[in-house]
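Here the structure comes first, spelled out in structure tokens, and everything after it is commentary.
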Amino acid sequence: MKHQLIIFDMDGTLVQSEECASQALLEAIPDLQGSVDELTQRYRGWRLAEVFVDIESRQPGSVPGDCLERYREREAVLAHSMITPSEGVENLLSQLQHRKCIASNASVEKTRRSLEICGLSHHFDNDIFSAYQVQAWKPDPTLFLHAAASYQTEPGNCLVVEDSEVGLRAAQAAGIPAVFYDPHEADIDPAGATRISALTDLLHLLA
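The structure is reproduced here in structure tokens:
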């Protein structure tokens, strides 16, 4: 790869955590309609606050006032048994010679916790960027541009690895080439993303 910086998404890319999030939603919102798989497909990569707004628009009155607290409590418990490293990620990160970082819609604390659960913390020291730090969530490009600027790297010399449509749209808006990581053959359309290619195995990044 002829890139100076690899910017990884976290949830659904380096770790498989989105089913955990969907299960937490079901437990936090008793009347929520849909299965874990359906919720995962619908809200892949979304900001949590926007997920609650969408649920309320679909099912008015279903979101309790303490939904955020309920969700975070359940997600924190479920995380230790449900979040797993993506297949091949340890080998990829161990062999990757490029500079790398994480740029996630989640908080830095949540990202660090998931890395620890999956035994990946040693690959990332301070190389974690959060939408909360810049107060801009994907598909806004600000987070990716902030990560690139932190390494004094031009956007065109970076590569984003993403599993969600909102992440791919953010990369496109930032002018950063992107790879669509699609291990589950998700039903999304990444068309239009900047120089997009798709892969189902993270180790293919080493090719």
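Read in order, the letters of the sequence shown are residues 5 to 211 in my numbering. We treat Cβ as the ideally placed atom computed from N, Cα and C, and that holds for glycine.
Find out if the Cβ-Cβ distance for the pair Ala107, Ala151 is shorter than 8 Å.
yes
Quick check: the Cα distance between Met1 and Leu36, rounded to an integer number of angstroms?
For the chain, the structure presents residues 5 to 211; residue 1 sits outside this window and is missing.
When DSSP builds the beta bridges, which residues end up paired with Leu203?
Tyr185
Does the region 23 to 37 touch the region 63 to 77, meaning 3 or more C-beta pairs lie closer than 8 Å?
yes
Could you tell me the distance, in whole angstroms, from the CA atom of Ala177 to the CA atom of Ala202?
18 Å
Contact between the region 130 to 145 and the region 72 to 91: three or more CB pairs below 8 Å?
With the cut-off at 8 Å, the region 130 to 145 and the region 72 to 91 do not touch.
Assess contact between the region 9 to 25 and the region 158 to 175, defined as three or more Cβ pairs (one per stretch) separated by less than 8 Å. Is contact present?
yes
Is Asp167 buried or exposed, if buried means 16 or more other CB atoms sit within 10 Å of its CB?
buried
Which of the three DSSP states, helix, strand or coil, is assigned to Cys122?
coil
Across which residues does DSSP place Ile33 in a beta bridge pair?
According to DSSP, which records beta bridges pairwise, Ile33 is partnered with nothing at all.
Enumerate in chain order the residues of its own chain whose CB-to-CB distance from Ala32 is below 7 Å, with the five nearest sequence positions on each side excluded.
Cys71, Arg74, Tyr75 and Arg78
Less than 8 Å separating the beta-carbons of Cys105 and Ile87?
no
By DSSP, does Ile87 sit in helix, in strand, or in coil?
coil
Our contact map puts Gly49 next to Pro89 with C-beta atoms below 8 Å; I'd like the distance itself, whole angstroms only.
Contact doesn't hold; Cβ gap of about 19 Å is too wide.
Would you list the residues sitting across from Leu100 in a DSSP beta bridge?
According to DSSP, which records beta bridges pairwise, Leu100 is partnered with nothing at all.
Do Leu210 and Leu52 come within 8 Å of each other at the CB atom, strictly closer than that value?
no
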